[in-house]
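Peer 1:
Chains as they are written, first to last, in the numbering used here: chain A, 6 to 339; chain B, 694 to 983; chain C, 7 to 340.
(1) Closer than 9 Å, CB to CB, is residue 8 of chain C near chain B or not?
(2) What residues of chain C sit near residue 820 of chain B, judged by a beta carbon separation below 7 Å?
(3) Can you give me the C-alpha to C-alpha distance between residue 288 of chain A and residue 908 of chain B, rounded to a whole angstrom?
(4) Is residue 104 of chain A close to chain C? Criterion is C-beta to C-beta, closer than 9 Å.
(5) Nearest-angstrom Cα distance between residue 338 of chain A and residue 256 of chain A?
(6) Grab me the residues of residue 300 of chain C's own chain with a C-beta within less than 6 Å of its C-beta, minus the 5 sequence neighbours each way, in chain order.
(7) Can you give me the Cβ contacts of residue 150 of chain A inside the same chain, cut-off strictly under 8 Å, excluding the 5 residues immediately before and after it?
(8) Do residue 849 of chain B and residue 919 of chain B have their beta-carbon atoms positioned less than 9 Å apart in this structure?
(9) Looking at the structure shown, is residue 28 of chain A part of a helix, part of a strand, or coil, going by DSSP?
(10) Looking only at C-alpha atoms, which of B:834, B:797, B:855 sits nearest to residue 822 of chain B?
(11) Check each candidate in C:45, C:220, C:318 and name the one with the smallest Cα separation from residue 266 of chain C.
(12) Please report whether the beta-carbon of residue 340 of chain C lies at a distance below 9 Å from any beta-carbon of chain A.
(13) Measuring CB atoms only, is the segment 961-976 of chain B touching the segment 703-717 of chain B, in the sense that at least three cross pairs come out at less than 8 Å?
(14) Quick one: what does DSSP say residue 192 of chain C is sitting in, helix, strand or coil?
(15) Answer with yes or no whether the minimum CB distance from residue 18 of chain A to chain C is below 9 Å.
(16) Given that a residue counts as buried once 16 or more other Cβ atoms are within 10 Å of its Cβ, and exposed if not, what is residue 268 of chain A?
(17) Give the straight-line distance between the Cα atoms of residue 141 of chain A and residue 125 of chain A, rounded to the nearest whole angstrom.
(18) What does the alpha-carbon distance come out to for the pair residue 795 of chain B and residue 197 of chain C?
(19) Where do the N-terminal and C-terminal ends of the beta strand (DSSP E) with residue 251 of chain A fall, by residue?
(20) What separation, rounded to the nearest whole angstrom, lies between the Cα atoms of residue 43 of chain C and residue 50 of chain C?
(21) Spell out whether any CB of chain A is found under 9 Å from the CB atom of residue 248 of chain C.
(22) At a CB distance below 7 Å, what residues from the segment 697-729 of chain B approach chain C? Give them in sequence order.
(23) Is the Cβ of residue 117 of chain A closer than 9 Å to any Cβ of chain C?
(24) If you pair each beta-carbon of the segment 289-299 of chain C with each one of the segment 256-273 of chain C, do three or more pairs fall below 8 Å?
(25) Starting from the beta carbon of residue 257 of chain C, find every residue of chain A whose beta carbon is closer than 7 Å, and list them in chain order.
(26) Would you say the segment 37-57 of chain A touches the segment 235-250 of chain A, given that touching needs at least three Cβ pairs under 8 Å?
(27) Using a C-beta to C-beta distance shorter than 7 Å, which residues of chain A count as neighbours of residue 135 of chain C?
(28) Within the continuous alpha helix (DSSP H) that includes residue 102 of chain C, where are the two ends?
(29) Counting Cβ pairs closer than 8 Å, one from the segment 891-907 of chain B and one from the segment 796-813 of chain B, do we hit at least three?
(30) Along the segment 783-797 of chain B, where does the CB come closer than 9 Å to a CB of chain C? Name the residues.
(31) Against residue 37 of chain C, what residues of chain B qualify as contacts under a CB-to-CB distance less than 9 Å, listed in chain order?
(32) Go ahead and label residue 745 of chain B buried or exposed: buried means 16 or more other beta carbons lie within 10 angstroms of its beta carbon, across all protein chains shown.
(33) With a cut-off of 9 Å, does the C-beta of residue 982 of chain B fall near any C-beta of chain C?
(34) Report back the beta-carbon spacing between residue 237 of chain C and residue 115 of chain A to the nearest angstrom; my notes put them in contact at under 8 Å.
(35) Using a Cβ-Cβ cut-off of 9 Å, state whether residue 237 of chain C counts as contacting chain A.
(36) Identify each residue in the segment 900-915 of chain B for which the Cβ-Cβ distance to at least one residue of chain C is less than 7 Å, and report them in chain order.
Structure below.
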């Protein structure tokens, strides 16, 4: 478990307030992200956990400006490194994307262009954002490959993605992402599509790069175990909303939101020899059956009548919980 | 999977209905079918009725035209509107006949080839390769050169030219399905080869066959018209739209209506069937994808 | 890679034999006496009949006849035209450049207009451009070529007087055929205005012949682009902050071109089909018009030889297209 997050006298690196992403469809509007508010400080590692459909990937894609038709996005605030992203022009945003703010994705083998070599794809970023010429870019690309732990980097430069293994492709993706020394690296399920042995290596690589470069990192996963190894703070998302944010240690020991507790109990590592693995009854709400009150209420073991109204958000410093009846009151020491 | 439930048809119809182009195609096709069916009663004149008094009359809205001949007359005084209506019957008959022949023959060959494999399969596929490699009109012309010009021979020629598509679809379906467990199970329970082919395998390639058939209708009409234009298809005085254009070249200067309307009829019909076929494909693909 | 080449070339052999078989039997399938068909005469007396039987080798066993035929084909001897008594191969070679020139121009027209149209329609999916362009493409695809040609002649040659009605060049010019391509020959010659005349004569036939391939290319490009634009590596390209034109024109198009190239190659057969009709309408002195006249005059050796040659050419082009596809696709190359 990494050390607790330090105190932050400075303004946050990233500020998201009330982010909303909707997908209109024939059956109605899908609220993929529903009022998400987050803060991230320089050098901090935030983990975002949630099931599929919780909106964790969509939120980060919205931040990067990668949402495509028919998504509709709005937010009260979206600031990165002092720059207002909401009112920035497309060109201004592109100047940051891939340079100060970078993202890697879940399936590394399909995320690399199959028709171009590794060298080409790496050099592209370097030449675009750092203005390097072809030769300098190629040399630097080799350095980057070595940094991400690819042995014999020079010979890999001219390889095509289909000639590399999944783990190596992900390393190449990471190399592309850190090429311009970003201040923020978003990793969206970076290990989900990889073998178990490779998963640990990639996570270790990410943690090590984060320490070396001092960049902030957002690690998205549906796997609590993965997040627990790297994150200092953890945000839990459900059906497009953030239901809890806490320091990692405190979250795992004493979760405040019933959903978090249920997720922790459902982890196989925590079954403690019980005959059956704990599950959460019910299903994530879709377009048609979205509750008007607390979204988790239909599945919550502690639900009461008051839970039919939207749950309030309790905040304290970097922590928050969205619940009528948190398991431990915020502000109290667990 | 072998039979389509009512709900899957409803789903298909909803998807199809949303495609405005496909709907337009459907209504146009239905309109053409109606005109063709009612032609003997709708058309003001017989298609072969000549009247030398009124040859090359312009359409009604031009000077020199009259309401007696809405779209004008041709070089020997035949009413173009009536000929177009009767031509619709011909074109639709051609389209349906060609598709029917090639579907039946193509499925038979494809099923047999995929099922029997071996030398028979190889020979059939090589023949289909030859047919596909040769430019379609060229092959059709050669076949008509052998059989002699005429409507029926033209239909046969076009049917042979489009045959490979159906053979391939059916054969691919057989190859894909023959491995599957339910086929093995059926065979173990004593089902004969023919029954297996018709009942178990054929319905699974229904979707691509339907799409190919509707697109094939438009190809058939186009190709038959081309043969008619070259003088190798329907022979005069049959009011086939392509044949009507065969002599039209010399009237480009004097009588634009003789040139324009038959071709327009071909374009509208073919376009309608293509819209329909495209719509069918878009609606059927995701629904019956295996 | 070489295995792929040899396998592909191996498929050529049966197709070659299939086509020669068809050509070989063509004469014998025509109703009536093959001798009369070959000699182009009717009511040959008995003595002459026997002479001709021997001269044409029809008294030999069928297999021997076929073997002799194949040997002749491989030597380039395809018989003589009944009407002109000139060797079929010689006539073909004299007329083929005209068809090639027309076909190449039509293909160029189709590509120059079709690919951008398809890309635009894909990038602006479901917009008015998309529906408009695809509607136009479908119309072009449904268009009867022979009518389209007549219509364009009516409009541009008769009504507006902008373009000539027929032929390759104004009758006034006589250009010495060196390459057979009138555009090149006229440009090289000293005759004033010859090049422009040749160009002017090419305009309408190119448009007419190129309309169908244009529609196919546009539709194919659009669907290939749509598929590629949804791929993960395009998302990665955007995440790198690349400008939109680069994402579309380099990352997306490069991969979308693969299926499009295959389709282009397969258009050759369609082009020859269209050429038959186009040449008839515009009195373009190419192979298509030659074949049509041969049918009318029952010149069967011409029909037989022309069919075989065109078929072999299409077959060769298909092989080249397949091999090129193997080259473009890095997976097969390595």
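Idealized CB from N, CA, C, for every residue including glycine.
Peer 2: Taking the structure as given:
(1) The residue labelled residue 8 of chain C in the question sits at position 2 within the third chain. No, because no Cβ of chain B sits closer than 9 Å to the Cβ of residue 8 of chain C.
(2) Counting from 1 along the second chain, the entry for residue 820 of chain B is found at position 127. By Cβ distance, chain C contributes 24.
(3) Here residue 288 of chain A refers to the residue found at position 283 of the first chain. Here residue 908 of chain B refers to the residue found at position 215 of the second chain. So the two alpha carbons sit approximately 44 Å from each other.
(4) In the first chain, residue 104 of chain A corresponds to position 99, counting from 1. By this cut-off, residue 104 of chain A is an interface position.
(5) Numbered from 1 along the first chain, position 333 holds the residue referred to as residue 338 of chain A. Numbered from 1 along the first chain, position 251 holds the residue referred to as residue 256 of chain A. At residue 338 of chain A, the pLDDT of 39 sits below 50, so the modelled position is not reliable; the number obtained from the coordinates is stated separately. Residue 338 of chain A and residue 256 of chain A: Cα-Cα distance of roughly 12 Å.
(6) On the third chain, residue 300 of chain C is found 294 positions in, with the first residue counted as 1. The residues are 308, 309.
(7) In the first chain, residue 150 of chain A corresponds to position 145, counting from 1. The answer, listed in chain order, is 123, 127, 158, 161, 162, 176, 177, 180.
(8) The residue given as residue 919 of chain B occupies position 226 in the second chain. The residue given as residue 849 of chain B occupies position 156 in the second chain. Contact: no.
(9) If you number the first chain from 1, residue 28 of chain A lands on position 23. Strand, per DSSP.
(10) For this step, residue 822 of chain B is matched to residue 129 along the second chain. Comparing Cα positions, the closest option is B:855.
(11) Working through the third chain from its first residue, we reach residue 266 of chain C at position 260. With distances taken between Cα atoms, residue 266 of chain C lies closest to C:220.
(12) As a position in the third chain, residue 340 of chain C is number 334, starting the count at 1. Low confidence applies to residue 340 of chain C: its pLDDT is 49, below 50, so where it sits in the model is not reliable, and the reading given next is rough at best. Interface residue, yes.
(13) yes
(14) For the purposes of this step, residue 192 of chain C is identified with residue 186 of the third chain, where counting begins at 1. Looking at residue 192 of chain C - three-state DSSP - the assignment turns out to be helix.
(15) By 1-based counting over the first chain, the position of residue 18 of chain A is 13. Judged by the 9 Å Cβ criterion, residue 18 of chain A is not in contact with chain C.
(16) To locate residue 268 of chain A, count along the first chain from 1; it is residue 263. So residue 268 of chain A counts as buried.
(17) Within the first chain, the letter at position 136 stands for residue 141 of chain A. Within the first chain, the letter at position 120 stands for residue 125 of chain A. Taking the straight line joining both Cα atoms gives about 12 Å.
(18) The sequence position of residue 795 of chain B within the second chain is 102, counting from 1. The sequence position of residue 197 of chain C within the third chain is 191, counting from 1. Straight-line Cα distance between these residues: approximately 54 Å.
(19) Here residue 251 of chain A is taken as the residue at index 246 of the first chain, counted from 1. Here the beta strand (DSSP E) through residue 251 of chain A covers 246-252.
(20) On the third chain, position 37 is the one that residue 43 of chain C refers to. On the third chain, position 44 is the one that residue 50 of chain C refers to. Whole-angstrom Cα-Cα distance: 11 Å.
(21) Indexing the third chain from 1 puts residue 248 of chain C at position 242. Taking Cβ atoms only, chain A reaches closer than 9 Å to residue 248 of chain C, which makes this a yes.
(22) Here the close residues number zero.
(23) On the first chain, residue 117 of chain A is found 112 positions in, with the first residue counted as 1. Chain C contact via Cβ: present.
(24) no
(25) For the purposes of this step, residue 257 of chain C is taken as the residue at position 251 of the third chain. By Cβ distance, chain A contributes 118.
(26) A contact is defined here as three or more CB-CB pairs under 8 Å, and the segment 37-57 of chain A meets this definition with respect to the segment 235-250 of chain A.
(27) As a working mapping, residue 135 of chain C is identified with position 129 in the third chain. Neighbours of residue 135 of chain C on chain A: none; closest Cβ ~14 Å, over 7 Å.
(28) Position 96 of the third chain, counted from the start, is the residue given in the question as residue 102 of chain C. Residues 94-129.
(29) yes
(30) none
(31) Within the third chain, numbered from 1, the residue matching residue 37 of chain C stands at position 31. In chain order: 839, 840, 841.
(32) As a working mapping, residue 745 of chain B is identified with position 52 in the second chain. So residue 745 of chain B counts as exposed.
(33) Here residue 982 of chain B is taken as the residue at index 289 of the second chain, counted from 1. For residue 982 of chain B, the pLDDT reaches just 37, beneath the cut-off of 50, and the residue's location in the model is therefore unreliable, although a value from the coordinates is still provided. False, the Cβ-Cβ gap to chain C never drops below 9 Å.
(34) On the third chain, position 231 is the one that residue 237 of chain C refers to. On the first chain, position 110 is the one that residue 115 of chain A refers to. Here residue 237 of chain C really is in contact with residue 115 of chain A; their C-beta atoms are around 7 Å apart, less than 8 Å.
(35) Taking the first residue of the third chain as 1, we reach residue 237 of chain C at position 231. Chain A, which has a Cβ nearer than 9 Å to the Cβ of residue 237 of chain C, makes this yes.
(36) 911, 915
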